[in-house]
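To keep things clear, I will list the structure first and then write my remarks on it.
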Amino acid sequence: MNTGNSPAAAGRARLGALSIAISGVLFLLYPLVRPYADETSIQGAEAMASPAWVAAHLFGMIGFILLSLGLLGLRVALRETSAEPLVSRAVVVTWIGAGLTLAYFGAEDFGLNAIGQRALDTQDLKLLVELTEAVRFNPIAITVFGAGLVSLAVGSILAAVAVWRSGILPRWSGVPIAIGFALFIPQFFGTPAMRIAHGVLITAGSLWLASALWRAQRR
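Just so we're aligned: the sequence shown equals residues 1 to 219 in UniProt numbering.
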């Protein structure tokens, strides 16, 4: 099926596909690289103070940004279909979700890294536990984080519905990534293996959607 895209529009859609694909890889690197340890122990302080902690959370943050940019490419591809209003809403909701989520991820990344380093310097586990809880469970912070992740889930579901209705991309190509973001909050309560499996799901879904979007520009 011809999408009717001009060369410039097709190029923007391909950039969107590339952004989605890279974001998916980063969402797998996040749980793979992140160190896991009892965060009330010295080992937990070492994990938080490590370069791997900073890198892993940075991968996640860049992933949220690239996902948001990628949906702009999806909007370009679907702009002449009946699904265009729906994918436009998906873009807006996802951008809001990414913005809200990044604030918390930044504190988790750089704030807890500094706390871990300080706890190692002082060998003060009470400091580690108290400050970690203060950062993570501040009522406003955790509410903003939750709202951001819910918005990302809603945005990805809207995008999946838009893909389903578009008639341009394979109907199921947006479903796995939507499931992955719908499960983003529950995966925080899982084991490291479960969190990595969740990363695999988002990566697979992202690569499928990106591949479908890229191929559609050749028709």
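Glycine is no exception: its CB is placed at the ideal position from the N, C-alpha and C atoms.
The segment 50-70 makes contact with the segment 14-34: 3 or more CB pairs, one atom from each, lie closer than 8 Å. The shortest C-alpha to C-alpha distance from PHE105 to any of GLN117, ILE65, GLN123 and LEU78 is the one to ILE65. Per DSSP, the continuous alpha helix (DSSP H) segment holding ARG136 begins and ends at 125-136. Of the residues assessed, SER156 falls on the buried side of the cut-off, its CB having 16 or more other CB atoms within 10 angstroms. Its chain contains LEU158 as the residues whose beta carbon lies nearer than 7 Å to that of ARG89, once the 5 sequence neighbours on both sides are disregarded; these appear in chain order. CA-to-CA, the gap between ALA216 and TRP53 works out to about 38 Å. The beta carbons of GLN123 and ILE42 sit closer together than 9 Å. If you draw a straight line from the Cα of SER166 to the Cα of LEU213, it is about 12 Å long. When rounded, the separation of the alpha-carbon atoms in ILE115 and ARG136 is 12 Å.
In terms of Cβ geometry, PHE184 and LEU152 form a close pair [threshold 9 Å]. The beta carbon of ALA49 sits closer than 7 Å to those of ASN113, GLY116, GLN117 and LEU120, all from its chain and outside the five residues before and after it, given in chain order.
As the crow flies, the alpha-carbon of GLN187 is around 12 Å from that of LEU149. For LEU201, the closest C-alpha among the options LEU26, ALA55 and SER6 is that of LEU26. When DSSP states are grouped into helix, strand and coil, ALA52 belongs to the helix group. By a beta-carbon distance limit of 8 Å, LEU58 does not contact GLY199. Their separation comes to about 15 Å. With fewer than 16 other CB atoms across the displayed protein chains lying within 10 angstroms of its CB, GLU130 is exposed. According to the DSSP assignment, PHE184 belongs to the alpha helix (DSSP H) that extends over 184-187.
Given a length threshold of 4 residues, each whole run of the alpha helix (DSSP H) inside the segment 72-111 is given here in chain order: 84-106. In the displayed model, THR122 falls within a helix according to three-state DSSP. In this structure, the straight-line span from the alpha carbon of VAL92 to that of ARG75 is close to 11 Å.
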